[in-house]
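Chain order of the listed sequences is A and B.
Position 3, counted from 1, in the first sequence is what UniProt numbering calls 3; the numbers after and before it change by one each time, with no gaps.
Position 82, counted from 1, in the second sequence is what UniProt numbering calls 82; the numbers after and before it change by one each time, with no gaps.
Here the structure comes first, spelled out in structure tokens, and everything after it is commentary.
There are 2 protein chains.
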Amino acid sequence: MSTSVNSTPVNEKDEQVFQDLKLLNAVNDRYGGVIVEVREAMDSALFGSVLRASIAQWRHQGKKGVWIKLPIQHVNLVEAAVKEGFWFHHAEPNYLMLCYWIPEGTHTLPANASHRIGISAFVMNEKREVLVVQESTGRFQGTGVWKFPTGVVNEGEDICAAAVREVKEETAVDTKFIEILAFRQSHKALFDKSDIFFLCLLEPLS
Amino acid sequence: MSTSVNSTPVNEKDEQVFQDLKLLNAVNDRYGGVIVEVREAMDSALFGSVLRASIAQWRHQGKKGVWIKLPIQHVNLVEAAVKEGFWFHHAEPNYLMLCYWIPEGTHTLPANASHRIGISAFVMNEKREVLVVQESTGRFQGTGVWKFPTGVVNEGEDICAAAVREVKEETAVDTKFIEILAFRQSHKALFDKSDIFFLCLLEPLS
Numbered sequence: 001m002s003t004s005v006n007s008t009p010v011n012e013k014d015e016q017v018f019q020d021l022k023l024l025n026a027v028n029d030r031y032g033g034v035i036v037e038v039r040e041a042m043d044s045a046l047f048g049s050v051l052r053a054s055i056a057q058w059r060h061q062g063k064k065g066v067w068i069k070l071p072i073q074h075v076n077l078v079e080a081a082v083k084e085g086f087w088f089h090h091a092e093p094n095y096l097m098l099c100y101w102i103p104e105g106t107h108t109l110p111a112n113a114s115h116r117i118g119i120s121a122f123v124m125n126e127k128r129e130v131l132v133v134q135e136s137t138g139r140f141q142g143t144g145v146w147k148f149p150t151g152v153v154n155e156g157e158d159i160c161a162a163a164v165r166e167v168k169e170e171t172a173v174d175t176k177f178i179e180i181l182a183f184r185q186s187h188k189a190l191f192d193k194s195d196i197f198f199l200c201l202l203e204p205l206s
Numbered sequence: 001m002s003t004s005v006n007s008t009p010v011n012e013k014d015e016q017v018f019q020d021l022k023l024l025n026a027v028n029d030r031y032g033g034v035i036v037e038v039r040e041a042m043d044s045a046l047f048g049s050v051l052r053a054s055i056a057q058w059r060h061q062g063k064k065g066v067w068i069k070l071p072i073q074h075v076n077l078v079e080a081a082v083k084e085g086f087w088f089h090h091a092e093p094n095y096l097m098l099c100y101w102i103p104e105g106t107h108t109l110p111a112n113a114s115h116r117i118g119i120s121a122f123v124m125n126e127k128r129e130v131l132v133v134q135e136s137t138g139r140f141q142g143t144g145v146w147k148f149p150t151g152v153v154n155e156g157e158d159i160c161a162a163a164v165r166e167v168k169e170e171t172a173v174d175t176k177f178i179e180i181l182a183f184r185q186s187h188k189a190l191f192d193k194s195d196i197f198f199l200c201l202l203e204p205l206s
């Protein structure tokens, strides 16, 4: 649902602002908040004014969290949003998500993704031979250490599919996923994020 | 290690730039790249020029990935970095991480955290009574549905600690973590991120 100019403004100052500016298009979320997705180029000073007026409007409506999804091509608007009190929630290569909390007190906005998922592949054939590799880059490069194929589960990828893919990429061997043998969780890994690492059993098909 | 002005510039234009500008302080990462952490306020136009000269320097040195960690108080520099070809890698409430890839071809920069981790607590006492709750907010609010306590594993929190914490928060019951009974992975959840959800067995202590 889009917001519209309110017919019962809070005070005269707000009334003036509401009359002068077209407010931001927003859709309601399921938690009493609103989501703004910026789709068109805009002057940053104008954006700041419109955002301020929109927040006054949302406050009057009793809204809670405000989300702004800003595509990277509209990066000129980031500073204006931060000046209005927004902070960074998360970012992906092509957009930045900013957020703001209208009510008094601590916000209840959900946290950003916190974990990276890794896999290690234990591939054993009928002769009980195990598939191992040596690192061409990274910590064990040039050390002579043999290890299981390992890798990171891609965005949106199943753990079992990631294990099969990594083995294929690293060794060209086709495999079938059998089961997860063990896993462990660790903290303060890359970019201070946590990590869950699954040891998977696979059977070679070739 | 900090970068310094190079004594063998690539060409005259670069030489001029190197002489005129103090380059950005950067530390080398373990993968042939550099990391810049912005610690002081700076004019955005000047930052753009210094960044351009620094990239020329890093290219000359054969560097690969470039990371800029930008605290939210220096948000005025985001647009200048994007204009120089940087894109968003990830963000936390107080900083934005931007990145850039110098060599020809596809970048090999690691991906952002991809998963949120959830838990559900199966708490059973000696009488085989199971602890259940009703939602005061959310999807099952007002439906009369009883469910296990559930929640999200916090940043840096162990799965077993999260299960104990959520039960305490939702029911005031102290518990001891026993084991993980099952888990499932799902995709395209909140903010399009993936989700791993662990069903944990706990024993009541009170």
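A virtual CB, placed ideally from N, CA and C, is assigned to each residue, including glycine.
Partner residues on chain A for residue i, Cβ-Cβ distance less than 9 Å
i: P93(B); result: W87, F88, H89, C99, N112
i: residue 207(B); result: For residue 207(B) there is no data in the structure shown, the boundaries of chain B being 1 and 206.
i: L96(B); result: V78, F88, A91, L96
i: V153(B); result: S114, H115, Q185, S194
i: K147(B); result: In chain order: nothing, as chain A lies at least about 18 Å away.
Residue i: first and last residue of the uninterrupted alpha helix (DSSP H) it sits in
i: K83(B); result: 78 to 83
i: E170(B); result: 159 to 171
i: S44(A); result: 44 to 60
Segment limits, beta strand (DSSP E) that includes residue i
i: R184(B); result: 175 to 186
i: E203(B); result: 194 to 204
i: M97(A); result: 95 to 101
i: residue 207(A); result: Absent from the model: residue 207(A). The displayed extent of chain A is 1 to 206, so no value can be given.
i: K69(B); result: 65 to 71
i: T106(B); result: Premise fails: T106(B) is in no beta strand (DSSP E) and is neither H nor E.
i: A189(B); result: Taken as a continuous stretch (DSSP letters only), A189(B) belongs to no beta strand (DSSP E), as it is neither H nor E.
i: H89(A); result: 87 to 92
i: G151(A); result: 150 to 152
i: E40(B); result: Counting along the chain, E40(B) falls outside any beta strand (DSSP E), and DSSP gives it neither H nor E.
Contacts of residue i in chain B (Cβ-Cβ under 9 Å)
i: Q134(A); result: Those do not exist, as Q134(A) stays about 18 Å from chain B at its closest Cβ, beyond 9 Å.
i: H191(A); result: Note that residue 191(A) corresponds to Phe in the displayed sequence, not to His. Within chain B, the residues near F191(A) are H89, H90, E92, M97, P110, N112, A113.
Partner residues on chain A for residue i, Cβ-Cβ distance less than 8 Å
i: I196(B); result: H115, I117, I196
i: K188(B); result: G156
Beta-carbon separation (whole angstroms), residue i vs residue j, contact threshold 8 Å
i: V123(A); j: V133(A); result: So it is not a contact: roughly 10 Å between Cβ atoms.
i: V145(A); j: I72(B); result: Not a contact, Cβ separation roughly 42 Å.
i: L199(A); j: L181(A); result: 5 Å
i: I102(B); j: R165(B); result: In fact, because the Cβ distance is near 44 Å, the residues do not count as touching under 8 Å.
i: F86(B); j: L77(B); result: So it is not a contact: roughly 10 Å between Cβ atoms.
7 Å Cβ cut-off: residues of chain B touching residue i
i: Q185(A); result: D158, I159
i: L201(A); result: What L201(A) touches in chain B: nothing, since even the nearest Cβ is about 17 Å away.
Distance CB(residue i)-CB(residue j) smaller than 8 Å
i: L96(B); j: F88(A); result: yes
i: L24(B); j: L51(B); result: yes
i: A80(B); j: S44(B); result: yes
i: S114(B); j: E92(A); result: no
i: H107(B); j: G65(B); result: yes
i: I119(B); j: A162(B); result: yes
i: I196(B); j: I196(A); result: yes
i: L202(A); j: V167(A); result: yes
i: F177(A); j: C160(A); result: yes
i: V38(B); j: H74(B); result: yes
i: V34(A); j: A41(A); result: no
i: R139(A); j: K193(A); result: no
i: H90(B); j: N125(B); result: no
i: E104(B); j: G48(B); result: no
i: Q185(B); j: D158(A); result: yes
heavy atom of the ligand COA below 7 Å from residue i C-beta
i: L24(A); result: Only the bare structure without any ligand can be found here, which leaves the ligand COA out of the picture.
With 7 Å as the limit, tell me which residues of the segment 64 to 85 of chain B have their beta carbon closer than that to any beta carbon of chain A; keep them in chain order. I72, V75, N76, V78, E79, V82
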